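Protein chains in written order, with numbering that gives the first Met the number 0: chain A, 0 to 200; chain B, 0 to 278; chain C, 0 to 413.
Here the structure comes first, spelled out in structure tokens, and everything after it is commentary.
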Amino acid sequence: MIVQFFVPHAVGTQGYLLLLDWAQIVGAFALVLGIGSLFRTHWDKIRRRRRGYGYSTVTLASFALMVWAGIFYGSGQGPLAKRLLTVESGRLFEWLFNNIDVPLDATMFALLAFFIASAAYRTFRARNVEATLLLITAIIVMLGRVPLGEMIYDKMPAVYEWIMQYPAVAGKRGILFGVALGSIATSLRIILGIERSHLGG
Amino acid sequence: MHGIAYRLQNIDRRWLYLIVFAAVVIPFLTSLKLPVGLHSPSTTDIYDAIEKLPPDSVVQLAFDYSPASMPELEPMAKAVARHAFQRGHRVMAMTLNTQGALMIRRVMDEVAAEMNKEYGKDYVDAGFKTGGVAVMLGMGKDIIGVFNDTDARGNRLSTMPVMKGVADYSDIGLMVDFSANAITNAWIAYAHEQYGLRVAAGVTAVMATDLYPFWKSGQLVGLINGLKGAAEYEDLVGAPGLGILGMSSQSITHMLIILFVIIGNAGYFLTRRRSQSAD
Amino acid sequence: MSHRLLAACLSVSLAAICCPAAAQPEFSPPRSVVMQDDATDDEGARAIVKWQAPQQPPPAGYHLAGFEVYVRSLPDDFDKVALVLDATAGEAQVCGLAPWHTYTAQVNSLYLPAGEAPQVAEDDALALTNPKVRRSQPAVSAEPMSPVGKWYNVERTNVLVWVIVYSAIVLFAIYFARRREMYIRPIAGLQAVNDAIGRATEMGQPILYITGLSGISDIATIASMLILGHLAKRTAAYETPIIVPCQDPLVMTAEREIVREAYVEAGKPQNYDPDNIFYVTDSQFGYVAAVDGIMLRDKPAANFYMGYFYAESLILAETGAASGAIQIAGTDADTQLPFFITACDYTLMGEELYAASAYLSRNPLLVAQLRGQDIGKVLIITTLLLGAVAATAVLLYPDVGLLKAFADWFTVHK
């Protein structure tokens, strides 16, 4: 990637794209390993009736259903699919996705609303000056993001924008610089072989 | 006092969850609507950018999000798609996220049907393409080639009127990326920095803080920030949807969290005063 | 009779010679076809084919509708690359070339009957369906050419200089590492690692280790795997189980090797259980749901969240807090830091995650690299100050060329 950034010649670009293709191929084979691991772990649990094996049954059954639906009924073609399906999209895979996967994913994401409420209640304490400052800023930002904040104080959105554009960006840039430098240094260590423990050695 | 202080700091979290649940659901059931208020400059920048595009420009929409972020990002995606159609622009929808392919259908089919837009003439669903950065770089040279001249529905891209004159990024008027992760950074680094593509973003509120520096520096044309940003865009376009409807729930929930924080701190200070006076 | 026959034949022949059949209209080709490098393309993948309009006007009843452009690379045949439906056009851009090939271009003129508009085929954007379209003879470019790619983007020199300078600082710091012991400021999260392992051992509960939700190419994941290696050695020594659910199969494969090696180094290879490091799903919230389930059912005594996280960070941390585990997090995802700081006992912020490997191992080479990072930070702060002063000065004194050149040097050009 470094070479490709500085060398615009087609050699650099084509080489980089070739490496990306190789990475995808390796990733595809690794997926096979992952699915094998998933299957073996849950099958072992079911076979030995370990604690929680009911969940493993649901996991494997869902896995099988989605694979079957994706392979055989992903396109909704063929008379059998038409006979079995009465959903408007005509595709079983899409129906399962829209009516099971989408609500489940959205539900998990929605848990954040509850967890942030309990985390804020539990830990936002004005213990010292910095914590108080943080608390006040958090309240201003929360008010600035909703119309009610503007009703309370008409300049609230402007204050929110100022906080987001200046102090927040300044703090974020500081962290980004540190992360960028750390990334380069860690990458150098790995490229030069100084750090090898991630290879198991 | 000690009892009250202790109880204030140790409310069972399940009560908190129940109150938050009520605060979110009741406004939806009662269709309570609050005015959107002032529009953020980062949102109006995208609106202005689409307004100023020459007629019949191509707007690329990247649906790089999964169902988890759909409640926050779909309203803004619909609003932007509506705006592009209102201005008579062509829309090319694509995604680098496997689950984004079905997100495209949810948004584009609905908005296009509402606005009597024709598939292949006014918009196209190029679908999901694996490869991430490779796709971004490839589109800078040959968009149709990257998708193997096939859209998500099996049609030939090169023969579609919507793709007429679209060879690479230089033919795209504006790209708006809807995402809930760091892929927008990659669009900026590769598509904008290397090929000069104008990139805007619509992201979840949590990710917006990451992207403000890019908007401030001009690398992003604009930024739609969370559900409030979606509500602002719906207001600008004149098409109220789930963004504006969600504002009432969001407003009440935010006030509730502030109240919880105040209650917790009240308990904390009462406890501290109690232990100080005991000393 | 034979004379008459001979005369008739001669007459017909003379008529054929003097009065040829109705003359074929001449469709004049374009002139001066040239294929040249596109100077705006640094990659060497584009060229421009230029031509001039045909010398002769279109024959009666026809009009010039446009041009077809073909390109070939020897020994292949000509491929049609452009259909230009503009009679006044004089150039077309050709993409998808390679600088290591030599190309020749060919251009035909297209003529249609007067008043007829060109009809492009539905299934081929480069083909016309007009039945009466006429093509001229091809005009071929005289000189073959190869697109020219640039080997170095001069406008990114400032970035290259910075990368070399910083890398040199880090490497020199590592080279001079052996000279003396170096001080690292205490990092609370890393000091608590041993306490967390001890707690889990005493309670007889496992340790849960999450390496984030990005792939193996992400530096945060690699930093997390480095920490896992150190952690696994200690848990192997104490015979405390370590559970590592993975969101990426490549990461799972690497982590299995790391943990296995750790158990071997601790002298307890028989205790290594590969099923403790398993793939769950690459779906973000599916993975979170699975990990939450593990936390609530297996009740690990210590949870480690090290790596890159997205929105699920608070769900993981709050669930872990509810289960009563001690929690240590480390991430370079600055958007998730507030959630971890709120819900976890200790948090490693940003580069502290990268420093963890050096901190835990106290390897002199790794510790010295931290010093190099610090020097780099001093350089960045100096650059920031200089750049801010320069940018301000340019606003105040826009006519001073030296100031502008200095400020421009900090700009990353395309």
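The C-beta atom is built at its ideal place from N, Cα and C for all residues, glycine as well.
Small disclaimer: the values here were computed from a predicted structure and weren't measured.
Just curious, the alpha helix (DSSP H) that residue i is in, first and last residue?
i, result
"glutamate 90 of chain C", "Glutamate 90 of chain C -> not in any alpha helix (DSSP H); beta strand (DSSP E) instead, spanning 90 to 93."
"leucine 95 of chain B", "Careful: leucine 95 of chain B lies outside any alpha helix (DSSP H) and carries neither H nor E."
"glutamate 419 of chain C", "Only positions 0 to 413 of chain C appear in the structure, and residue 419 of chain C is not among them; the question remains open."
"glycine 119 of chain B", "No alpha helix (DSSP H) holds glycine 119 of chain B; DSSP gives it neither H nor E."
"leucine 73 of chain C", "Premise fails: leucine 73 of chain C is in no alpha helix (DSSP H) and is neither H nor E."
"tyrosine 345 of chain C", "Unbroken run through tyrosine 345 of chain C is the beta strand (DSSP E), 345 to 348; no alpha helix (DSSP H)."
"asparagine 184 of chain B", "182 to 185"
"methionine 138 of chain B", "132 to 138"
"glutamine 335 of chain C", "Unbroken run through glutamine 335 of chain C: none, as it is neither H nor E."
"phenylalanine 114 of chain A", "101 to 122"
Listing by chain order, which chain C residues have their CB less than 9 Å from the CB of residue i?
i, result
"methionine 281 of chain B", "In the structure displayed, chain B extends from 0 to 278; residue 281 of chain B sits before or after that span and is not available."
Which residues of chain A have a Cβ atom closer than 8 Å to the Cβ of residue i, listed in chain order?
i, result
"aspartate 36 of chain C", "Chain A residues near aspartate 36 of chain C: none, gap ~13 Å exceeds 8 Å."
"proline 40 of chain B", "Glu160"
"threonine 414 of chain C", "Not covered by the structure: residue 414 of chain C. The range shown for chain C is 0 to 413."
"aspartate 41 of chain C", "Pro7 and His8"
Exposed or buried, residue i, counting other C-beta atoms within 10 Å across all chains shown (16 or more means buried)?
i, result
"isoleucine 135 of chain A", "exposed"
"threonine 382 of chain C", "exposed"
"glycine 51 of chain A", "exposed"
"tryptophan 67 of chain A", "exposed"
"alanine 167 of chain C", "exposed"
"glutamate 142 of chain C", "exposed"
"glutamate 201 of chain C", "exposed"
"leucine 18 of chain A", "exposed"
"valine 243 of chain C", "buried"
"glycine 237 of chain B", "exposed"
"valine 202 of chain B", "buried"
"lysine 154 of chain A", "exposed"
"leucine 203 of chain A", "Examination of residue 203 of chain A is not possible in this model, given that chain A is present from 0 through 200 alone."
"methionine 206 of chain B", "buried"
"alanine 20 of chain C", "Low confidence applies to alanine 20 of chain C: its pLDDT is 45, below 50, so where it sits in the model is not reliable enough to give any reading."
"arginine 361 of chain C", "exposed"
Kindly indicate the opening and closing residues of the beta strand (DSSP E) around residue i.
i, result
"tryptophan 50 of chain C", "46 to 51"
"histidine 82 of chain B", "Unbroken run through histidine 82 of chain B is the alpha helix (DSSP H), 69 to 85; no beta strand (DSSP E)."
"valine 106 of chain C", "102 to 112"
"methionine 34 of chain C", "30 to 36"
Taking C-beta pairs closer than 7 Å, name the residues in chain A that residue i reaches, listed in chain order.
i, result
"threonine 252 of chain C", "Ala29 and Leu32"
"glutamine 275 of chain B", "Correct list: empty, because the minimum Cβ distance to chain A is about 14 Å."
"glutamate 67 of chain C", "Those do not exist, as glutamate 67 of chain C stays about 26 Å from chain A at its closest Cβ, beyond 7 Å."
Below 9 Å on C-beta distance, what does residue i contact in chain A?
i, result
"lysine 376 of chain C", "Phe176, Gly177 and Leu180"
Who are the neighbours of residue i on chain B, taking C-beta pairs under 8 Å?
i, result
"glutamate 129 of chain A", "Per Cβ cutoff of 8 Å: no residues; glutamate 129 of chain A is ~15 Å from chain B at best."
Is there a Cβ from chain F that is less than 8 Å from the Cβ of residue i?
i, result
"proline 34 of chain B", "Absent from the structure is chain F; the protein chains it does hold are A, B and C."
Going along chain B in order, which residues have a C-beta closer than 9 Å to the C-beta of residue i?
i, result
"alanine 91 of chain C", "The premise fails here: alanine 91 of chain C is roughly 11 Å from chain B at the closest Cβ pair, so nothing lies under 9 Å."
Strictly below 7 Å CB to CB, what residues from chain B border residue i?
i, result
"alanine 44 of chain C", "Lys140"
Note down, in chain order, every chain C residue with its Cβ under 8 Å from the Cβ of residue i.
i, result
"alanine 179 of chain B", "Tyr309 and Ala310"
message: Three Cβ pairs or more, each shorter than 8 Å: is that satisfied between the stretch 107 to 121 of chain A and the stretch 256 to 268 of chain B?
response: yes
- prompt: Of the residues that make up the stretch 138 to 158 of chain B, which ones have a beta carbon closer than 8 Å to any beta carbon in chain C?
  reply: Lys140, Asp141, Gly144, Arg155, Ser157 and Thr158
field: Against chain C: residues of the stretch 182 to 194 of chain A by CB proximity under 9 Å
entry: Ser182, Ile183, Ala184, Thr185, Ser186, Leu187, Arg188, Ile189, Leu191, Ile193 and Glu194
- request: Indicate whether the contact test is met: 3 or more Cβ pairs, each with one atom in the stretch 256 to 276 of chain C and one in the stretch 225 to 241 of chain C, closer than 8 Å.
  value: yes
query: How do the stretch 92 to 108 of chain B and the stretch 60 to 77 of chain B stand: do at least 3 beta-carbon pairs fall below 8 Å, yes or no?
result: yes
- prompt: Along the stretch 129 to 162 of chain C, what residues have a CB closer than 7 Å to any CB found in chain A?
  reply: Gly148, Lys149, Trp150, Tyr151, Asn152, Arg155 and Leu159
query: Name the residues in the stretch 276 to 303 of chain C whose C-beta lies less than 7 Å from a C-beta of chain B; which are they?
result: Gln283 and Phe284
Stretch-stretch touch, CB-based, cutoff 8 Å, three pairs: the stretch 25 to 36 of chain A with the stretch 237 to 256 of chain C: yes
- prompt: If contact means a Cβ-Cβ distance below 9 Å, which residues of the stretch 5 to 19 of chain A contact chain C?
  reply: Phe5, Val6, Pro7, His8, Ala9, Val10, Gly11, Thr12 and Gln13
field: the stretch 154 to 178 of chain A: positions lying closer than 8 Å to chain B by Cβ
entry: Pro156, Ala157, Glu160, Met163, Gln164, Ala167, Val168, Lys171, Arg172 and Leu175
- prompt: So does the stretch 3 to 10 of chain B actually touch the stretch 220 to 229 of chain B, counting three or more Cβ pairs closer than 8 Å?
  reply: no
query: Counting pairs of beta carbons, one from the stretch 27 to 37 of chain C and one from the stretch 47 to 54 of chain C, are three or more of them closer than 8 Å?
result: yes
message: With three or more C-beta pairs closer than 8 Å as the rule, is the stretch 307 to 327 of chain C touching the stretch 341 to 348 of chain C?
response: yes
task: Please list the residues of the stretch 61 to 88 of chain B that have a C-beta atom closer than 7 Å to any C-beta atom in chain A, keeping them in chain order.
output: Ser65, Pro66, Ala67, Ser68, Met69 and Pro70
- prompt: Listed in chain order, which residues of the stretch 167 to 195 of chain C have Cβ atoms closer than 8 Å to some Cβ of chain A?
  reply: Val169, Leu170 and Ile173
field: Residues of the stretch 93 to 124 of chain C with Cβ closer than 9 Å to any Cβ of chain B, in chain order
entry: Cys94, Gly95, Val119, Ala120, Glu121, Asp122, Asp123 and Ala124
query: For the 8 Å Cβ check, are there 3 or more pairs between the stretch 120 to 132 of chain A and the stretch 237 to 253 of chain B?
result: no
field: Where the stretch 103 to 133 of chain B meets chain A: residues whose CB sits under 9 Å from a CB there
entry: Arg104, Arg105, Thr129, Gly130, Gly131, Val132 and Ala133
- prompt: Three or more C-beta pairs closer than 8 Å, one from the stretch 25 to 35 of chain B and one from the stretch 149 to 163 of chain B: is that the case here?
  reply: no
field: Sufficient close CB pairs (3 or more, under 8 Å) joining the stretch 151 to 165 of chain C to the stretch 52 to 60 of chain C
entry: no
message: Measuring CB atoms only, is the stretch 264 to 272 of chain B touching the stretch 37 to 50 of chain B, in the sense that at least three cross pairs come out at less than 8 Å?
response: no
field: Contact list for the stretch 49 to 68 of chain A against chain B, Cβ threshold 7 Å
entry: none
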